[in-house]
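Novice: Can you read through this structure? Questions will come right after.
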Amino acid sequence: MSLRMWLCDFLPKRLPNARILLFGYNSNVAIETSAAGVNEQAVNLLDRFNAQRRQVDPHRPIIFIAHSLGGIVVKRALVEAKLNDKYASIRKATFGLVFFATPHRGGRHAQLGDIAADIARCILRNQKNTFMDNLKYNSLFSEHLQDEFRHQYEDYQILSFYETLPMGPLGLIVDKQSATLGLSGQRETAIALDGDHRSICKFPEPNSAYQQVEDDLVALVEEALQTPVQKSSQTSNVQSPTFFVPYQKNSSFVGREKIIARLIEILSPHPGWQRRAALYGLGGIGKTQIALSYAHWCRETHPKTSVFWIHASNLERFHQSYMDLAEELKIPGADSPKADILSLVKNWLSIKKDSEDWLMIVDNADDFDMFFKSSNAEGKRSFSGRLADYIPDCAHGAVLLTTRDKKVGIGMVKMSSLLQVKRMADMEAIGLVRKILEDEDEYKKEDITQLANKLEYIPLALTQAAAFIWENTLSIQRYLQRYEESRLNALKLLGHSAASTMAEDEARNAVTTTWMMSFTRIKEQNRLAADILSLLAFLDRHCVPDELIRRRDQSLLDIDFEKACGLLKRFSLVEESPLTLRGETHAAFSLHRMVQLVTQQWLQSHGEAAIWAEQALVAVSIVFPPGEREEWKSCEIYLPHVEVVLENKVQSEDGRVSTSKAALLHNAATYFRVKGYHGRAEETASEAVAVRKASLGACHPDTLASHTSLSRILLEQGKIEEAMALQLQAVATAKQSVPEDNPDLLRAVAHLGSLHGIQGRYEEAERLQGRVLEVSKRTQGLNHPDTLLTMRDLAITYGHLRRYDEAETLNKLVLERRQQVLGEDHPETLISMLDLAATYVRQNSDQKAEMAEEIELQVIEARKRVLGEEHPATIQAMKQLCETYEWQGRQKDLAKLQEQIKAIDRRGGQKTKKPSDAALLTMSHDILTYELPLRSNQTRRMSSDECTAVGSAEKEDKEVRPTMRIVKSSVDLKHEVNNAVSTVAFVEQVEMPASNMNKGHHHTQSVSSSASLLSPAYVPPHEQAKRTRSSIPGMRSRWKSWQGGVVEEPGEVVEKPRKRVWSLRH
């Protein structure tokens, strides 16, 4: 049986008067030569067809029938016919187009380039080809042809046949979405055929499938013979309303009622002047979709108003849009090669014709220079002056502009008509996702809300995320899981470009592509603005103070900085808010997380990510203050940025980076310690020591400073031996090369003195502190914080040595100086007040106990005001007041205050038990510090039984010795004591000889720079066992009784389970 061709063998029987012409071309060559080959075949088609029609009526209707890539050739030919008068009659006579599986756009599960590659495999009969990958991005299958052909949609009746059978392992080559144009109304008829990509247009016999095709073709021919060739759209001008908009109405568009209502108000007809409005905002925020929605609203509510859509993303597209509009309106002279199209269109629209109004939408006008700087265009046409001057300005017209650059809008419209498009509202975002996903029952509202929140209510991101979920049949939770797993995953998902029929710049480009276009434009306009955005990419995205950016470059001029930040704000990439820093008003910047991610990717692609990660680290190290002495508020503001730059794990051989990182780690560790976050402080300080050792050496003063910081943190956690060993080694190493008067060495030796004092070696502590104080006074002055700190520690040592008058005098001097230098409410000033109060109570004077009470009340109020009621330092001051009340015998006041502490401590305990609390947010409950312990009223008035219990110790040492106090929070110790009143903390107090190495060991809370706020541990049992080895009778029995077991005395054993034998204070 011979092969039969249905166009020649079957169709003429139904259409005997039709001339059927076959055009064959080499599809292999067309594909492999890409766009050039297709253009050549399109012109060849026009030339051959034109020659065939010379002997017939030029108005005879034409119907093109094309299969697969042949449809691309036909579309290209019609575009060329529109540009070249030589072929104008062919285009005008064309009535219908019949496409068999022609890929017009991307499908449901594939991009257009992927479909093109599959077609090529079918045509070339080759599964592997060297140009296949490039084909996906080749201009042959680019969306540009689709853009050009969109303007002719209304000129033809279209039949689109699509395949329904898979092509072997390749599956469906061109699915329905790709094979149809998606035109509304009766312009396009989409029909499914029982065939694969090759067989869809092959009919060896007139079967049912062929019969369907024939019937549709015959109907199309009959309609063509009844319709005049010169259609209204080809003969219309501005007097007959024209809807020159290349996009269909977006069925997924939701919300935005307020901004559309504002556009209606601004752009409503006015007899006196032209109405103009501009929509500006971040790329992908929905500007084009709002403009498109308004265009269709205008068409429906004002049918006599013409609507024109002008592409303005670059000069070529702007010019092409004016050319297309000139042809659409049949402007005389527009077809002349020498025509000034821009002027022709402007002048034509400026002339009032009857009572017709028009609306011009200028979309994606992002390039300020293109519109407002005088220049000549290169290419087919030229113009002089500013491009903005070619937008008509007349009372019967209205202009709606969309732009990413606010400055363009300002140049085009009045400020009152400049509208910022912001993120979608919650319900708008939910509605958008639901419309795209279609199946409302399958997706929970809570999940959609979570998705919208994660993608920051940005329409383009939500649209493409919903498309990805739909295309890949994912749950929303699965998508979010993938998004959160890694930065790379998030970027890949943001880089997904979904197939869509919406306006191309709002849907075709992925989020990453859309924003990278903005970044590139910013870099071209202002390098400093691009640098600032690059720096912000590696900081915390919330609240970036302007000084963090500016201190990086001290030579930066104010005006240059304001211009650069202004550009970023104009493009809506950053937002600005006021910030108070050290009593001064500053600007703080923030940006979307997705903008930050894409900026990092943009920098990565340009090989600059590591550079800007380092710059961010250096910038934060410059501004982050030492957290020990001042500027806590500044520390709190900069702390999120510290977290981010340290997490970036910058690796560099640059010495500046190493120095900056070490300084930042050191200062951050101090801040964590002062705030009571000891776990994080130890981790950070250890890293600071390691970095400084590696970059500066073990003998450098900065390395010594970090050692001292780490030792102090260890001490406050009760790790006394570890702290002592570290500090002894650090000081011994540093003394080899560091001068005696070096401030870091002085601080290190002073801390070493405190360590001796905490272990009961007061004479050694006094010797070291006295020496440091002498040098510090001479080199740094009496009012220097380091000098005052050493004086404070020396006063504590005097108290332990029972030299109370000297201790009181020195404490008063330190307090006076700190009040002058640091202020009344500074943490160290408040510590000095508590030190003085402790010295007063220590002297067993009712009058001085009242003075201590007054001071403690002042400290409590100050700490409540500055730190808050629940801060451990506030609680510590309240506990000290409890001891004063106890000494005074004021049991009612004591019980009331203890109840307050218990309630606060319970709230604090509940907070730290939350699973979501990070380690950084967990404060220590207790600290170990060098302080003067109080002497309670119960200790001073011991019962005869109590005297017997400690008799052996008192026989050896008749006078009252300094005491060691172990304070443990009730958060850690949950047992009750007999039936006593419940309390937040209780104290086991042991009178110990001053010669014991453990005296002076004291758990409390403090904000002193030598003794910080909090610490979680007391002396562990194994350390206690070591330190109870003493020749003094009674020592062993006391430690045993603290542990709540057997009390041992020489020569006897007395069982007293869980019973305390010393004074118990509630």
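In numbering that gives the first Met the number 0, the protein residues as written are 0 to 1065. All C-beta atoms, glycine included, are put in the ideal place defined by N, C-alpha and C. Computed from a prediction, not measured in an experiment: that's the story for all the values here.
At the level of alpha carbons, what is the spacing between T828 and N782?
Specialist: One C-alpha to the other measures close to 13 Å.
Novice: For D404, does the three-state DSSP call read helix, strand or coil?
Specialist: Residue state, collapsed to three classes: coil.
Novice: So, with DSSP's three-state summary, where would you put R766?
Specialist: Correct three-state label for R766: helix.
Novice: Please work out which residues of its chain come closer than 7 Å, Cβ to Cβ, to R90, disregarding the five sequence neighbours upstream and downstream, and give them in chain order.
Specialist: Within the same chain, R90 has close Cβ partners L77, A80 and K81.
Novice: Considering just the uninterrupted stretch of the alpha helix (DSSP H) at T828, what are its terminal residues?
Specialist: Note, T828: alpha helix (DSSP H), P826 to R841.
Novice: Using the C-alpha atoms, what's the distance from M790 back to Q758?
Specialist: One C-alpha to the other measures close to 19 Å.
Novice: Would you mind reading off the limits of the beta strand (DSSP E) that contains T93?
Specialist: T93 to F99 is the extent of the beta strand (DSSP E) around T93.
Novice: Nearest-angstrom Cα distance between H269 and T300?
Specialist: The alpha-carbon atoms of H269 and T300 are separated by roughly 17 Å.
Novice: DSSP beta-bridge partners for G396?
Specialist: DSSP lists W357 as partners of G396.
Novice: How do the region 181–195 and the region 43–61 stand: do at least 3 beta-carbon pairs fall below 8 Å, yes or no?
Specialist: Because the criterion of three Cβ pairs below 8 Å is not met, the region 181–195 and the region 43–61 do not touch.
Novice: Just to confirm, is the Cβ distance from L767 to V748 under 8 Å?
Specialist: Yes. Within cutoff.
Novice: Check whether the Cβ atoms of L754 and Q726 sit closer than 8 Å, and answer yes or no.
Specialist: Taking 8 Å as the Cβ cut-off, L754 and Q726 qualify as a contacting pair.
Novice: So if DSSP puts S159 in a beta bridge, which residue, or which two residues, is it bridged to?
Specialist: Beta-bridge pairing links S159 to F98 and A189.
Novice: Look at A311 and S416 and say whether their C-beta atoms are less than 8 Å apart.
Specialist: Cβ atoms of A311 and S416: not closer than 8 Å.
Novice: Whole angstroms are fine: how far does the CA of K74 sit from the CA of R47?
Specialist: Taking the straight line from one Cα to the other gives about 16 Å.
Novice: When we look at the beta-carbon of G582 and count the other beta-carbons within 10 Å, is it buried (16 or more) or exposed?
Specialist: It is exposed - the Cβ of G582 has fewer than 16 other Cβ atoms within 10 Å.
Novice: CB V306 to CB F243, shorter than 8 Å?
Specialist: Contact flag set, yes.
Novice: What residue does the alpha helix (DSSP H) around R261 start on, and which one ends it?
Specialist: Its alpha helix (DSSP H) spans residues E256 to L266.
Novice: Sort I390, F98 and E153 by Cα distance to A189 and report the nearest one.
Specialist: Looking at the Cα atoms, F98 is the closest of the given residues.
Novice: In the DSSP assignment, find the unbroken alpha helix (DSSP H) run with V1100 in it and report its ends.
Specialist: Given a span of 0 to 1065 for the chain in the structure shown, any question on residue 1100 remains unanswerable.
Novice: On a Cα-Cα basis, can you pick out the residue from A837, A615 and R53 that is closest to S533?
Specialist: Selected option, being the one with the closest Cα: A615.
Novice: Counting Cβ pairs closer than 8 Å, one from the region 170–181 and one from the region 202–219, do we hit at least three?
Specialist: No: the two stretches stay apart, fewer than three of their Cβ pairs being nearer than 8 Å.
Novice: So who's on the other strand from M574, going by DSSP bridges?
Specialist: In the sequence on display, residue 574 carries Glu and not Met. Bridge partners of E574: S589.
Novice: Check whether the Cβ atoms of I874 and D904 lie closer than 8 Å to each other.
Specialist: The answer is yes: Cβ separation under 8 Å.
Novice: State the DSSP-derived secondary structure class of R802, mapped to helix, strand or coil.
Specialist: Three-state DSSP puts R802 in coil, outside helix and strand.
Novice: If you run the structure through DSSP and keep just helix, strand and coil, what is W308?
Specialist: W308 falls in the strand class under three-state DSSP.
Novice: Taking A704 as part of the alpha helix (DSSP H), name the residues at either end of that continuous run.
Specialist: Segment P700 to E715, the alpha helix (DSSP H) holding A704.
Novice: Should T462 and I435 be called a contact, given that it needs their Cβ atoms to be closer than 8 Å?
Specialist: A contact, by the Cβ cut-off of 8 Å.
Novice: Quick check on the DSSP output: the beta strand (DSSP E) that includes Y279 runs from which residue to which?
Specialist: Looking at the DSSP string, the run of the beta strand (DSSP E) that includes Y279 is R274 to Y279.
Novice: Using the beta-carbon count (16 or more within 10 Å), is H395 buried or exposed?
Specialist: Result: buried.
Novice: Excluding the 5 residues flanking I745 on each side, which residues of the same chain have their C-beta closer than 7 Å to its C-beta?
Specialist: The residue asked about is misnamed: residue 745 is Leu in this sequence, not Ile. Here the set comprises V771, V774, S775 and D785.
Novice: For E583, which beta-bridge partners are listed by DSSP?
Specialist: In the DSSP output, where bridge partners are listed per residue, E583 has L580.
Novice: Flag A731 as yes when its Cβ comes closer than 7 Å to any non-hydrogen atom of the ligand HEM, and as no otherwise.
Specialist: The ligand HEM is absent from the structure shown, which contains no ligand whatsoever.
Novice: Around the Cβ of P391, are there at least 16 other Cβ atoms within 10 angstroms (buried) or fewer (exposed)?
Specialist: Flag for P391 reads buried.
Novice: Give every residue of the same chain whose Cβ lies closer than 7 Å to the Cβ of A806, excluding the five residues on either side of it in the sequence, and list them in chain order.
Specialist: Counting only Cβ-Cβ distances below 7 Å, and skipping sequence neighbours, we find A794, Y797, G798 and T838.
Novice: Which runs of the alpha helix (DSSP H), 4 residues or longer, sit entirely within the region 733–792?
Specialist: Runs found: 742–757 and 761–779.
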